[in-house]
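*Asks:* First the structure, then my questions, so here it is.
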Amino acid sequence: MKSKPYAQAIGKLNWIAQASRPDFAFATSMCGRYTQNPGIKHWNTEDRYTIEFKKQMNPLNRYCKGVILQKDIKGHVDADYAGCWDTARSTTGCVYTYSGGEIAWTSKRQKCVATSTGEAEYMAIKHGSDIAIWLRNVMKHFGRELKSPITIKTDNTAALTNIINPGSITALKHIRVQYHAGKERHERKEI
Numbered sequence: 000m001k002s003k004p005y006a007q008a009i010g011k012l013n014w015i016a017q018a019s020r021p022d023f024a025f026a027t028s029m030c031g032r033y034t035q036n037p038g039i040k041h042w043n044t045e046d047r048y049t050i051e052f053k054k055q056m057n058p059l060n061r062y063c064k065g066v067i068l069q070k071d072i073k074g075h076v077d078a079d080y081a082g083c084w085d086t087a088r089s090t091t092g093c094v095y096t097y098s099g100g101e102i103a104w105t106s107k108r109q110k111c112v113a114t115s116t117g118e119a120e121y122m123a124i125k126h127g128s129d130i131a132i133w134l135r136n137v138m139k140h141f142g143r144e145l146k147s148p149i150t151i152k153t154d155n156t157a158a159l160t161n162i163i164n165p166g167s168i169t170a171l172k173h174i175r176v177q178y179h180a181g182k183e184r185h186e187r188k189e190i
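Just so we're aligned, residue 0 is where the sequence shown starts under numbering that gives the first Met the number 0, counting upward by one.
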């Protein structure tokens, strides 16, 4: 495998995913985990993604003149639970849309091991809220200050309960302090 340019190929796919293809973000993130020691299985997977990308060359994001801009940014955040076989860490994925197009997205392995799906989703919301605050600042910079909180949707009741209900006592009490930032941002009506 040393003779094959796996890292270079993943770098190209990652650049494409970051620049214009949120639908490739998860796949390139997963393939990128094996750049130090890829096997034939990893090369074949990368090859399949390259072929699939070439089939769908048109970028997803299109903004046309005369389109009425929506006033709100909407976010969707999700996490798998212990999805990495090597480390048991979860992967966070989030996408933000504005006026019908994706404006920010990411797929990233979490920095620590979550002990439940609720904890993995809670950490994903924190990561998603970091992006939401950045987007809020970008909009303000361009003279389009947002009047309402940025909506972030997720599918985990435990994580939502812990964010929305400040007095909730859940199984997430032990979570690292840094991940409570999402809850704090909700209380300040930023998200």
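Even glycine gets a Cβ: it sits at the ideal position worked out from N, Cα and C.
1. Are three or more beta carbon pairs between the segment 72-86 and the segment 114-130 nearer than 8 Å?
2. CA-CA distance, tyrosine 5 and glycine 74?
3. On the criterion of 16 or more Cβ atoms from any shown chain inside 10 Å, does valine 94 qualify as buried, or is it exposed?
4. May I ask you to verify whether the segment 156-164 touches the segment 86-102, counting CB pairs closer than 8 Å and requiring at least 3?
5. Quick one: what's got a C-beta closer than 8 Å to arginine 32's C-beta in the same chain, skipping five residues either side?
6. If you drop the 5 nearest sequence neighbours on each side, which residues of the same chain put their C-beta closer than 6 Å to that of alanine 123?
7. If you reduce the DSSP assignment to three classes, tell me which class alanine 113 lands in.
8. Would you list, in sequence order, the uninterrupted alpha helix (DSSP H) runs of no fewer than 4 residues that lie entirely inside the segment 21-102?
9. How far does the alpha helix (DSSP H) with lysine 11 in it reach, from first residue to last?
10. Measure the Cβ-Cβ separation of arginine 175 and cysteine 111 and say whether it is below 9 Å.
11. Rounded to whole angstroms, what is the Cα-Cα separation between lysine 14 and glutamine 7?
12. Check this for me: beta carbons of proline 37 and lysine 11, under 9 Å apart or not?
13. Beta-carbon separation of glutamate 189 and isoleucine 132 under 9 Å?
14. Please tell me whether aspartate 71 and leucine 134 are closer than 9 Å, where the distance is taken between their beta carbons.
15. Pick helix, strand or coil for threonine 188, following the three-state DSSP scheme.
16. Roughly how many whole angstroms lie between the Cα atoms of aspartate 22 and threonine 44?
17. Could you have a look at lysine 146 and say whether DSSP puts it in helix, strand or coil?
*Replies:* Working from what's here:
1. yes
2. 32 Å
3. buried
4. no
5. Cys83, Asp85 and Arg108
6. Val76, Ala78 and Thr91
7. coil
8. 24-31 and 39-54
9. 5-18
10. yes
11. Checking the sequence, you will find tryptophan at residue 14 rather than lysine. Cα-Cα distance, rounded: 11 Å.
12. no
13. yes
14. no
15. Note that residue 188 is lysine in the sequence shown here, rather than threonine. Coil at lysine 188, not helix or strand.
16. 16 Å
17. coil
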